[in-house]
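Residue numbers (the numbering used here), protein chains in the order written: chain R, 1 to 177; chain S, 1001 to 1098. We treat Cβ as the ideally placed atom computed from N, Cα and C, and that holds for glycine.
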């Protein structure tokens, strides 16, 4: 429920408040919801995120949405768990201590997860789309679309983190005192 | 429920580290709004944004934006460069150290 709400909120901000989506998208805010929910709440966040990917756009823009994207949506949601799995396989286990190879209290480590998951998301979703002759946009090439997904996911997540750090400033200050 | 709070605490600790490194702890709400607007505009225009664009996008008054930009500039967070096209216009760019 929490992850669904978070995803829909960032998607709404992206499309209706900041108008950051479109062919030249530079920020894709919902990727932050995927990263935050999977890193901090684990695999139990996945059903909520997947539900959000499917119903979120329909709630926000009922007229322009099609349910035919259910596989790309699943790939996008699974990009973060896949990243954690690969990093775990390489010996970087996610933990909360300073000694943990991948510390979830360290934003640099979270950015690393964001970076790799954005790579998986951009490559795998576009691989699926191109092999099935589907496309989100007819005006740009596959390579440009991969780059757009990759950069959009990273910049969108960074923007959300900066925004949250600013927004939660009073809470963070209280936690320090 | 205890685990949920632990997870939230970890997320807040991560954001706290980011806030410390970005050195945005002392920002007022107006400064945050202007800073946030400048970040978004920087992605669209590498040469910098003019003040009118920041006023339009932040939804704040021109005088408040001017005062805030001067403070951010004096703290070295942004640079105010003169526009090559229009000498009367200043372009706002994020300081590369920020």
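* Asked: Can you tell me whether DSSP reads residue 87/R as helix, strand or coil?
  -> Collapsing the DSSP output to three states places residue 87/R in a helix.
* Asked: In whole angstroms, what separates the C-alpha of residue 1080/S from that of residue 112/R?
  -> 33 Å
* Asked: How is the beta strand (DSSP E) around residue 1078/S delimited, first residue to last?
  -> 1078-1082
* Asked: Can you find a CB in chain R that lies within less than 8 Å of the CB of residue 1014/S?
  -> yes
* Rounded C-beta distance between residue 26/R and residue 155/R? I'm assuming under 8 Å. -> 6 Å
* **Inter-residue spacing [alpha-carbon to alpha-carbon] between residue 1075/S and residue 1027/S** => For residue 1075/S and residue 1027/S, the gap between their C-alpha atoms comes out near 11 Å.
* Is residue 23/R helix, strand or coil when you go by DSSP? -> Reliability fails at residue 23/R, whose pLDDT of 48 lies under 50, so the model's placement of it is uncertain and no value is given.
* According to the neighbour-count rule (16 or more other Cβ atoms, all chains shown, within 10 Å of its Cβ), is residue 1097/S buried or exposed? -> Reliability fails at residue 1097/S, whose pLDDT of 49 lies under 50, so the model's placement of it is uncertain and no value is given.
* To do: At 8 Å on the CB atoms, spell out the chain S contacts of residue 88/R, in chain order.
  => The contacting residues do not exist; residue 88/R stays about 18 Å from chain S at best.
* Would residue 162/R count as contacting chain S if we go by Cβ distances under 8 Å? -> yes
* For residue 180/R, three-class secondary structure by DSSP -> Given that chain R is displayed from residue 1 to residue 177, the structure contains no residue 180/R and the question cannot be resolved.
* To do: Decide yes or no for the touch test of the stretch 1054-1064 of chain S against the stretch 1009-1017 of chain S: beta carbon pairs closer than 8 Å, at least 3 of them.
  => Result no; under three Cβ-Cβ pairs closer than 8 Å.
* To do: Name, going along the chain, the residues of the stretch 94-125 of chain R whose beta-carbon falls closer than 7 Å to a beta-carbon of chain S.
  => 96, 104, 105, 106, 107, 110
* Helix, strand or coil at residue 1090/S according to DSSP, with G and I counted as helix -> strand
* C-beta neighbour in chain R for residue 1023/S, strict 8 Å -> no
* To do: Mind checking the stretch 1039-1051 of chain S against chain R and listing, in chain order, the residues whose C-beta falls within less than 9 Å of any C-beta there?
  => Those residues of the stretch 1039-1051 of chain S that come within reach of chain R (Cβ to Cβ, closer than 9 Å) are 1039, 1040, 1043, 1044.
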